[in-house]
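Student: Sharing a structure, written as structure tokens. Questions coming.
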Amino acid sequence: MKTNLLLLLLILSSFAYSQPQDVAVVFHSPAATFTESLPIGNGRLGAMLFGRTDIDHIVLNEISLWSGGAQEADDPEAHKYLPEIQRLLLERKNLEAQKLLEKHFIAKSKGSCNGRGATCHYGCYQVLGELSLDWGSNSTVKNYRRILDLEKAMATTTFERNGAQIEQRAFADFKNDLLWVKIRSNKPLGVKIALNRKENATTRYEGNRIVLNGILPDEDKEGMHFASVIEVSADGTLQATPSALAVTNAKEIVLKISAATNYNYLNGGLTKDDILKKAVSYIEKLPKDFERAYTESKTLYQELFNRNRWTSKPNATTESLTTFERLERFHKGEKDALMPVLYYNFGRYLLICSSRKGLLPANLQGLWAEEYQTPWNGDYHLNINLQMNYWLAEMANLSQLTEPLHRFTKHLVPNGEKTAKAYYNAEGWVAHVISNPWFYTSPGESANWGSTLTGGAWLCEHLWQHYQYTQDIDFLKKYYPVLREAARFFESVLIKDTQTGYWVTAPSNSPENAYIFRSSGKSKRQIGFTCIAPTMDMQIIRELFTNTLQASEILGLDKDKQKQWQDIIAHTAPNTIGKEGDLNEWLDDWEDAEPTHRHVSHLYGLYPYDEITPWDTPELAKAAKKTLEKRGDGGTGWSRAWKINFWARLQDGNHALLLLRQLLKPVNPTSKEGQLGGTYPNLFCAHPPFQIDGNLGGAAGIGEMLLQSHGKNGTIRFLPALPSHEDWKAGNMKGMRARNGFEVSFQWENFQLKQAEILSLSGNKCSVWLPTGKSVYLNGKVIAKGDKNKEVSFQTKKGNKYLIY
1 MKTNLLLLLL
11 ILSSFAYSQP
21 QDVAVVFHSP
31 AATFTESLPI
41 GNGRLGAMLF
51 GRTDIDHIVL
61 NEISLWSGGA
71 QEADDPEAHK
81 YLPEIQRLLL
91 ERKNLEAQKL
101 LEKHFIAKSK
111 GSCNGRGATC
121 HYGCYQVLGE
131 LSLDWGSNST
141 VKNYRRILDL
151 EKAMATTTFE
161 RNGAQIEQRA
171 FADFKNDLLW
181 VKIRSNKPLG
191 VKIALNRKEN
201 ATTRYEGNRI
211 VLNGILPDED
221 KEGMHFASVI
231 EVSADGTLQA
241 TPSALAVTNA
251 KEIVLKISAA
261 TNYNYLNGGL
271 TKDDILKKAV
281 SYIEKLPKDF
291 ERAYTESKTL
301 YQELFNRNRW
311 TSKPNATTES
321 LTTFERLERF
331 HKGEKDALMP
341 VLYYNFGRYL
351 LICSSRKGLL
361 PANLQGLWAE
371 EYQTPWNGDY
381 HLNINLQMNY
391 WLAEMANLSQ
401 LTEPLHRFTK
411 HLVPNGEKTA
421 KAYYNAEGWV
431 AHVISNPWFY
441 TSPGESANWG
451 STLTGGAWLC
461 EHLWQHYQYT
471 QDIDFLKKYY
481 PVLREAARFF
491 ESVLIKDTQT
501 GYWVTAPSNS
511 PENAYIFRSS
521 GKSKRQIGFT
531 CIAPTMDMQI
541 IRELFTNTLQ
551 ASEILGLDKD
561 KQKQWQDIIA
571 HTAPNTIGKE
581 GDLNEWLDDW
591 EDAEPTHRHV
601 SHLYGLYPYD
611 EITPWDTPEL
621 AKAAKKTLEK
631 RGDGGTGWSR
641 AWKINFWARL
651 QDGNHALLLL
661 RQLLKPVNPT
671 SKEGQLGGTY
681 PNLFCAHPPF
691 QIDGNLGGAA
701 GIGEMLLQSH
711 GKNGTIRFLP
721 ALPSHEDWKA
731 GNMKGMRARN
741 GFEVSFQWEN
751 FQLKQAEILS
761 LSGNKCSVWL
771 PTGKSVYLNG
781 KVIAKGDKNK
791 EVSFQTKKGN
801 KYLIY
């Protein structure tokens with residue numbers, strides 16, 4: 001009797017619990033669509049919980065579950081056409097060069113199959129399976145509530161039906177590598193539990209287990225093997241049927257969900273039976289119950305999540321609202337100081353849940369997909385999207401989550417060396433625009449988007465940023481060869497432009513954008529993609545060589561190469577300002593074919609690179625602002641996220657907030673309004689469709705609004721782009737990271753910095769922009785005084801805390 005009373009009290013308390021507005025995604029109804037369901041994940045396994053009260057729906061994912069496999073996509077004859085293509089480009093016969101490029105500088109095979117590679121060699125990321133819980137009841141429910149608690153990494157659904165108080169809790173186990181679902185009620189329940197996959201798999205029900213086995217296609221051969229095992233325990237009756245596990249007369253039901261693939265063994269190793277044994281092993285090595293497992297998992301999760309916390313004053317008028325209702329208010333400009341905090345926390349949550357050491361990096365959808373043919377194959381786009389997934393990591397004190405990205409970059413090198421030889425007859429390694437778990441580096445199947453050759457070099461930026469933030473010399477030693485060989489490729493392929501004398505790339509394009517081109521002596525306007533020296537190429541190359549040069553100096557390596565690298569840095573085609581005052585996207589001041597194009601690639605030098613800053617290059621910063629004004633504030637989800645970062649770097653917090661409101665525009669999943677971008681009810685970014693880079697890039701933009709540490713000296717700048725809106729008047733940020741090895745916490749009031757703490761993690765020299773009247777203290781003594789707004793520098797000692805007040 002006491003046990004039942006305690007259970008009832010626990011369930012009733014969950015109904016009454018008021019969830020903090022900065023860490024809760026809240027619904028008052030079940031999910032009708034994928035983008036209303038709640039995501040959980042541990043980096044390898046993920047689930048989307050719909051919380052339905054008739055036939056519930058849980059979508060399952062495993063980070064490595066891809067159709068397809070390795071392919072030979074390089075055309076070994078392509079490099080033979082390179083001299084002619086380059087000659088035509090140097091003569092500014094771009095359209096003639098473009099024709100050759102379209103014919104000879106594309107993937108030899110089908111490439112990505114135009115973004116629909118489910119049955120091709122390229123493959124696509126796919127759903128693992130769909131778990132259904134059939135309650136066999138259409139009775140009216142009341143007191144429905146569904147919450148994703150970001151602080152506790154728990155998804156909870158509660159409701160009342162026919163006098164029964166029902167609660168479902170689910171989490172992804174960071175310790176035992178399982179998914180858990182627990183259902184409890186104060187009255188006996190009955191439910192049929194089934195696991196389905198529409199293709200390439202079979203399911204059977206044995207005892208208290210559900211077993212799914214499958215093999216995905218790889219065009220004309222067998223692809224990846226995979227398995228999922230679900231173990232069900234209940235305090236009632238459990239019976240296996242041909243189509244489900246039927247539970248009756250139970251007040252408590254627990255599901256342990258496991259899965260495995262043979263991704264790491266595609267060249268021989270685990271068989272279909274071995275994969276099943278591997279999936280079973282996760283469950284059998286686990287004697288713990290739900291509560292104990294959750295406590296241990298939560299401890300590991302919170303060690304990451306609680307490192308960096310932003311707190312602000314809540315708004316009482318939003319306490320009873322769903323997250324979607326809050327989105328509607330926020331987009332209209334109404335007060336909700338905790339909505340940006342929630343979005344920032346949600347971004348950190350998604351990154352923690354979709355990126356884990358030793359695994360594949362977060363893909364276009366992070367970890368969560370319901371499709372068998374995911375949009376754009378759910379792959380790794382290297383012309384911004386994969387990189388954007390990780391912009392947040394370093395500043396949000398989640399450096400260790402970047403390991404999958406760094407390892408992925410290193411694994412691109414062998415294929416990238418083959419691609420460099422095939423297309424450019426060059427040394428070093430290259431990766432173009434798209435990639436997959438088999439480290440595809442070839443161009444795409446269309447040159448107008450697939451011949452951008454700086455995807456690998458852009459990934460190298462993350463290697464250097466990781467060193468800048470962590471000062472981990474062993475990491476730099478390990479990954480220096482990746483930087484050096486990426487630079488070696490451009491040493492081989494850069495040519496001198498005969499008209500300007502600058503080092504240029506040829507051929508290339510500015511990602512997915514086109515220009516209006518008039519051939520010499522002709523007046524007809526034509527659309528061109530292919531060109532020499534698009535601005536983004538030059539910016540990335542300067543950054544790559546600058547970073548490689550600095551790394552070589554730190555490590556004392558390749559001294560004989562440093563002069564050559566310095567020459568390349570100094571003599572690549574520079575940033576130029578066009579006749580309309582904007583930054584030119586191409587070497588020539590061409591007109592945009594689409595003036596409001598979603599890519600703003602030529603502002604790479606503003607963000608994520610720091611070649612353009614308001615303080616060191618004010619004219620270029622002014623031109624960057626003009627570019628953004630011409631491009632406009634529209635765009636897809638990730639495009640708006642990138643623009644938030646741009647405006648933050650320009651120190652315009654009000655415009656950054658304007659873009660944030662547009663990024664968070666509420667989108668009804670069943671309507672077509674998402675074609676303009678926005679945010680779905682579960683806070684997933686409406687690219688459209690859902691794409692996780694908008695979430696992670698948007699959260700990074702919020703971080704840039706509150707703290708920056710880029711530039712020549714890595715100067716720490718507090719509140720560089722703080723909006724003047726009342727919601728941003730005061731706040732407290734704990735545990736952000738700054739470049740050169742510092743952990744930073746700070747408070748502000750009345751839009752002004754009140755106090756800050758800088759923890760030295762490496763003993764480096766620290767540079768800070770001090771507001772008027774603030775000084776730096778160590779052990780109560782002033783070591784740097786800010787008589788007026790100015791930059792001050794001081795030597796630090798590892799482990800010391802430096803206070804600003």
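Start counting the sequence shown at 1; every next residue gets the next number (full-length UniProt numbering). No residue lacks a Cβ here, since even glycine has one placed at the ideal position from N, Cα and C.
In whole angstroms, what separates the C-alpha of Ile275 from that of Phe159?
Tutor: Approximately 38 Å between the Cα atoms of the pair.
Student: In whole angstroms, what separates the C-alpha of Tyr604 from that of Thr295?
Tutor: Straight-line Cα distance between these residues: approximately 43 Å.
Student: By alpha-carbon positions, which one of Thr156, Lys142 and Lys110 ends up nearest to Leu38?
Tutor: Residue Thr156 is the option with its Cα nearest to Leu38.
Student: Does the CB of Gly444 have a neighbour CB from chain C at under 7 Å?
Tutor: Protein chains in the displayed structure number just one, and chain C is not present.
Student: Please report the residue range of the beta strand (DSSP E) in which His57 lies.
Tutor: Its beta strand (DSSP E) spans residues Ile55 to Glu62.
Student: Helix, strand or coil for Ile644 per DSSP?
Tutor: It is helical.
Student: The beta strand (DSSP E) spanning Tyr609 covers which residue range?
Tutor: Unbroken run through Tyr609: none, as it is neither H nor E.
Student: Please report how far the alpha carbon of Arg329 lies from the alpha carbon of Leu628, in whole angstroms.
Tutor: In a straight line, the C-alpha of Arg329 is about 26 Å away from that of Leu628.
Student: Out of curiosity, what's the CA-to-CA distance linking Leu88 and Asn448?
Tutor: If you take the alpha carbons of Leu88 and Asn448, they lie about 17 Å apart.
Student: Tell me which same chain residues have a C-beta within less than 8 Å of the C-beta of Leu359, skipping the five on either side of it?
Tutor: Here the set comprises Gly43, Arg44, Ile63, Ser64 and Pro404.
Student: Please return the same chain residues whose Cβ sits closer than 6 Å to the Cβ of His466, not counting the five positions on each side in sequence.
Tutor: Here the set comprises Thr402.
Student: Helix, strand or coil for Ala19, going by three-state DSSP, please let me know.
Tutor: Checking the sequence, you will find Gln at residue 19 rather than Ala. In the structure shown, Gln19 sits in coil (DSSP, three-state: anything other than H, G, I, E or B).
Student: Tell me, which residues are paired with Asp149 by DSSP?
Tutor: Answer is Ala24 and Met154.
Student: Beta-carbon within less than 7 Å of Ile540's beta-carbon, same chain only, minus the 5 sequence neighbours each way: which residues are those?
Tutor: Counting only Cβ-Cβ distances below 7 Å, and skipping sequence neighbours, we find Thr454, Ala457, Trp458 and Tyr604.
Student: Does DSSP put His687 in a helix, a strand or coil?
Tutor: Coil at His687, not helix or strand.
Student: So, helix, strand or coil for Asn363, using DSSP?
Tutor: Three-state DSSP puts Asn363 in a strand.
Student: Residues in the same chain with beta-carbon distance under 7 Å from residue 807, minus the five sequence neighbours each way, listed in chain order, please.
Tutor: Here the chain comprises residues numbered 1 to 805, so residue 807 is not present and cannot be evaluated.
Student: Pick helix, strand or coil for residue 867, following the three-state DSSP scheme.
Tutor: This structure does not reach residue 867, given that the chain is present from 1 up to 805, and the question cannot be answered.
Student: Can you tell which of His411, Glu491, Ile183 and Phe718 has its C-alpha closest to the C-alpha of Lys478?
Tutor: If we check each option's Cα against that of Lys478, His411 comes out closest.
Student: Output the boundary residues of the alpha helix (DSSP H) element that contains Gln471.
Tutor: Neither: Gln471 is in no alpha helix (DSSP H) and is coded neither H nor E.
Student: What residue ranges within the segment 557 to 592 form continuous beta strand (DSSP E) runs of no fewer than 3 residues, ordered along the chain?
Tutor: You should have found no qualifying run.
Student: Would you kindly report the start and end of the unbroken beta strand (DSSP E) that includes Asn94?
Tutor: No beta strand (DSSP E) holds Asn94; the alpha helix (DSSP H) holding it covers Asn94 to His104.
Student: By the 10 Å Cβ neighbour count, where 16 or more other Cβ atoms means buried, how is Asp220 classified, buried or exposed?
Tutor: That one is exposed.
Student: How is the beta strand (DSSP E) around Cys766 delimited, first residue to last?
Tutor: Start and end: Lys765 to Leu770.
Student: Are the Cβ atoms of Gly698 and Leu663 separated by less than 7 Å?
Tutor: Contact: yes.
Student: Would you say Val26 and Ile166 are within 7 Å of each other, going by their C-beta atoms?
Tutor: Result no, Cβ atoms of Val26 and Ile166 do not sit closer than 7 Å.
Student: Leaving out five residues on either side along the sequence, give the residues of the same chain with a beta carbon under 7 Å from the beta carbon of Ala725.
Tutor: One point to set straight first is that residue 725 is His, not Ala, in the sequence displayed. Counting only Cβ-Cβ distances below 7 Å, and skipping sequence neighbours, we find Leu657.
Student: Does DSSP classify Gly697 as helix, strand or coil?
Tutor: Gly697: helix per DSSP, three-state reduction.
Student: When you compare only the Cα positions, how much space is there between Asn575 and Arg484?
Tutor: One C-alpha to the other measures close to 24 Å.
Student: So, for Ala593: in the same chain, excluding its five sequence neighbours on each side, which residues have a beta-carbon less than 7 Å away from its beta-carbon?
Tutor: Within the same chain, Ala593 has close Cβ partners Ala514, Tyr515, Ile516 and Ile527.
Student: How should Asp74 be labelled, buried or exposed, when 16 other C-beta atoms within 10 angstroms of its C-beta is the threshold for buried?
Tutor: Asp74 comes out buried.
Student: Measure how close the beta-carbons of Tyr205 and Ala240 come, nearest whole angstrom, since I'm counting them as under 8 Å.
Tutor: Yes, they are in contact, since the Cβ atoms of Tyr205 and Ala240 sit about 4 Å apart, within 8 Å.
Student: Expressed to the nearest angstrom, what Euclidean distance is found between the alpha-carbon atoms of Lys93 and Val493?
Tutor: Distance between the alpha carbons of Lys93 and Val493 is about 19 Å.
Student: Below 6 Å CB to CB, which residues in the same chain sit around Asn415 once its five sequence neighbours on both sides are set aside?
Tutor: Here the set comprises Phe439 and Thr441.
Student: Please list, in chain order, all residues of the same chain as Gln747 whose beta carbon is under 6 Å from its beta carbon, the five residues on each side excluded.
Tutor: Around Gln747: Asn732, Lys754 and Gln755.
Student: In terms of DSSP beta bridges, what is Phe226 paired with?
Tutor: BP columns for Phe226 point to Gly214 and Thr261.
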